[in-house]
Amino acid sequence: MATMDSPYAPPSALPPAGKPVRVHHLAAAKAQGERLTMLTAYDAVTASILDAAGTDMLLVGDSIGNVMLGHGSTLPVSLDEMAVATRAVATATTRALVVADLPFGTYEAGPAQALESAVRLVKAGANAVKLEGGAPRAATVRALSDAGIPVVGHLGFTPQSVNMLGGFRVQGRGEAASQALLAGASALAGAGAIALVLEMVPQDLAAAVTGALDIPTIGIGAGAGCDAQVLVWTDMAGMTEWKPRFARAFGEVGAALRQAAEDFNAAVRDGSFPSAKESFAS
0 MATMDSPYAP PSALPPAGKP VRVHHLAAAK AQGERLTMLT AYDAVTASIL
50 DAAGTDMLLV GDSIGNVMLG HGSTLPVSLD EMAVATRAVA TATTRALVVA
100 DLPFGTYEAG PAQALESAVR LVKAGANAVK LEGGAPRAAT VRALSDAGIP
150 VVGHLGFTPQ SVNMLGGFRV QGRGEAASQA LLAGASALAG AGAIALVLEM
200 VPQDLAAAVT GALDIPTIGI GAGAGCDAQV LVWTDMAGMT EWKPRFARAF
250 GEVGAALRQA AEDFNAAVRD GSFPSAKESF AS
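Printed below as a string of structure tokens:
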């Protein structure tokens with residue numbers, strides 16, 4: 000059997016460099032068994048770097064609340080803040096599919112509220128929106144899909160329900176919970192969702208959901224059996240000393256940034272910056 004590295008392997012389901020990733024590319028990658036990547040992004044500078052690295056999807060997450068705005072959860076994030084961040088990311092992106100979170104309080108009232116909120120994010124540049132919840136969100140997913148707005152679902156640990164879930168806890172353990180999650184995933188896919196995030200879910204359950212669906216699953220703390228993986232970019236890049244158990248730091252960007260700032264401060268204080276090279280003659 001041919002492998003992905005074999006000269007007989009089929010061509011990538013994803014577009015070549017410089018061409019945008021579209022919804023149909025995600026479905027084709029799933030069908031072909033090709034793994035997908037997703038990282039969060041909240042600003043143009045970071046989005047441009049992650050996009051140039053070949054990341055398939057950029058998630059403008061409501062995690063901006065925890066990561067960038069200093070909140071203890073995602074709950075305070077507003078639609079206005081999400082629209083600004085989405086526009087910044089979309090403007091700087093040429094390849095990745097841009098997915099924007101619908102923040103807490105902007106879609107729970109039903110399809111009409113969700114459509115109004117989603118339209119704002121699409122006008123800001125999002126290629127798709129993401130919302131949390133299972134079967135109760137199926138009608139909303141269908142309404143957005145019918146309006147031409149691709150929707151990514153989100154099951155398992157859903158940060159907007161942190162108070163109801165009793166904190167940051169693994170979800171889907173036990174027969175009843177796993178069956179409920181499977182049913183929710185099926186309902187979202189049946190309503191037209193283009194992909195499904197599975198967060199903090201036992202890996203065997205995540206693999207079962209992945210095998211049961213025709214749409215890609217995107218894991219975060221859900222094991223290697225998902226079709227794609229997503230991380231918050233600051234966890235991925237090692238920006239902070241703490242990171243979730245399920246995250247891996249693929250760099251030490253935080254330490255490098257601190258060192259650069261220390262070097263700048265020292266150069267200013269000892270008079271070596273700016274030099275004549277960095278100044279203008281009369």
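Each residue of the sequence shown is one higher than the one before, counting from 0 in numbering that gives the first Met the number 0.
A virtual CB, placed ideally from N, CA and C, is assigned to each residue, including glycine.
Excluding its 5 nearest sequence neighbours in each direction, residue 159 has C-beta neighbours in its own chain below 7 Å: 73, 74, 103 and 131, listed in chain order.
Residue 249 places its beta carbon less than 7 Å from that of residue 235. Taken in chain order, the complete alpha helix (DSSP H) segments of 4 residues or longer contained in the region 125-212 are 137-145, 161-164, 174-189 and 202-211. Between the beta-carbon of residue 134 and that of residue 210 there is about 20 Å, and that puts the pair past the 8 Å contact cut.
In the DSSP annotation of this structure, the continuous segment of the beta strand (DSSP E) that includes residue 37 starts and ends at 35-39.
Residue 230 and residue 52 have their C-alpha atoms some 15 Å from each other. Here residue 86 is near residue 124, since their CB atoms are less than 7 Å apart. Between residue 116 and residue 101, the alpha-carbon positions lie close to 7 Å from each other. Between residue 198 and residue 214 a beta carbon distance of about 16 Å is seen, past the 8 Å cut, so the two are scored as non-contacting.
Counting the other Cβ atoms within 10 Å of the Cβ of residue 29 gives 16 or more, which makes it buried. For a cut-off of 8 Å, the C-beta gap from residue 63 to residue 89 is around 14 Å, too long to register as a contact.
Between residue 152 and residue 120, the C-beta spacing is not below 7 Å. Every beta strand (DSSP E) stretch that sits fully inside the region 50-93 and reaches 3 residues is listed by chain position as 56-59. In the three-state reduction of the DSSP assignment, residue 100 falls in the strand class, which pools E and B. Taking 7 Å as the cut-off, the beta carbon of residue 253 is found closer than this to the beta carbon of residue 237.
By alpha-carbon distance to residue 106, the top candidate from 79, 145, 136 and 167 is 136. Scanning 189, 98 and 140 for the CA closest to the CA of residue 110 turns up 140. Between residue 46 and residue 92, the beta carbon gap of about 5 Å places them in contact (Cβ cut-off 8 Å).
Nearest to residue 222 by C-alpha distance, out of 204, 60, 212 and 232, is 204. In this structure residue 170 touches residue 200 by the C-beta definition: roughly 6 Å separates them, less than 8 Å. Under the three-state reduction of DSSP output, residue 25 falls in the helix class. Around the Cβ of residue 24, a 10 Å sphere holds 16 or more other Cβ atoms; the residue is buried. Beta bridge pairing from DSSP links residue 233 with no other residue. DSSP, read as helix, strand or coil, puts residue 216 in strand.
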